[in-house]
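Read through the structure below, which is laid out as structure tokens, and then see the notes.
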Amino acid sequence: ERLAGAVGERQRVLLAGELESLARERLAHDRHVLARALKLVGEALSVPALGDLRARAYRRLKTGGSEQERTKVLELLAEAAKSEKDLVSRLAATEKLGEFKDPQAFQALQEAFYAPANAQARDPVVRIAAVQGMARSGNPAAVPLLTEIMVRDPSRDVRLTAADGLARFPSADAAQALV
1343 ERLAGAVGER QRVLLAGELE SLARERLAHD RHVLARALKL VGEALSVPAL
1393 GDLRARAYRR LKTGGSEQER TKVLELLAEA AKSEKDLVSR LAATEKLGEF
1443 KDPQAFQALQ EAFYAPANAQ ARDPVVRIAA VQGMARSGNP AAVPLLTEIM
1493 VRDPSRDVRL TAADGLARFP SADAAQALV
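Sequential numbering from 1343 applies to the sequence shown in our numbering.
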């Protein structure tokens, strides 16, 4: 058992090193390297001891590439933002989702905001990041959602972030909500 545990830990350390190397190379625009990086990030998701490395890997994922690559990255980030066990990893995935100007990313940010792991967390940082991402999206569907959050969320910080986000929208509905 000890030997199996040691081998497992060694594999985790090697995987973490490989993830770090890929991120440092910044070659994610090359399709082969991006595919390899996505595979490694997916494998790392199942290793709880690598929370900080997973968070760094999420932050370093590229938002460009082909439509298929973007979709795969969005799916990976969406799942992580909702269900990562590690708060820092959920936060990193949510912040990265906020960099995408895409309806799929907007939907993922909504789901991350309401995900049980984030809604029940003592620290609202992931919900704040989701609100900031929805506001940056420029998606008009964000206005009623941010209005509801501004009025109903139990966290003062989340409500203030929603109000700040509403101020980014040049619409009558956003202005009315802020009055």
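All C-beta atoms, glycine included, are put in the ideal place defined by N, C-alpha and C. The structure presented is a predicted model; accordingly, all values stated were derived computationally and were not measured.
Between the segment 1407-1422 and the segment 1462-1480, are three or more C-beta pairs nearer than 8 Å?
Flag = no, the segment 1407-1422 and the segment 1462-1480 do not touch.
**Message:** Just verifying my parser: in three-state terms, what is the DSSP assignment at threonine 1405?
**Reply:** Threonine 1405 falls in the coil class under three-state DSSP.
Aspartate 1495 to threonine 1503 span [Cα, whole Å] | 11 Å
> Exposed or buried, lysine 1438, counting other C-beta atoms within 10 Å across all chains shown (16 or more means buried)?
Replying inline: Burial call: buried.
Using a 10 Å radius around the Cβ and a threshold of 16 neighbouring Cβ atoms, would you call tyrosine 1456 buried or exposed? exposed
Can you tell me whether asparagine 1481 is helix, strand or coil according to DSSP? coil
- In whole angstroms, what is the alpha-carbon distance linking glutamate 1490 and alanine 1505? 10 Å
**Prompt:** Roughly how many whole angstroms lie between the Cα atoms of proline 1486 and glycine 1440?
**Reply:** 18 Å
*By the 10 Å Cβ neighbour count, where 16 or more other Cβ atoms means buried, how is alanine 1434 classified, buried or exposed?*
Buried: at least 16 other Cβ atoms inside 10 Å.
Cα separation between glycine 1507 and lysine 1424? 21 Å
**Message:** Restricting to Cα atoms, I'd like to know which of Met1492, Arg1498, Val1473 is closest to glutamine 1518.
**Reply:** Distance check between glutamine 1518 and each of Met1492, Arg1498, Val1473 places Met1492 closest, using alpha-carbon atoms only.
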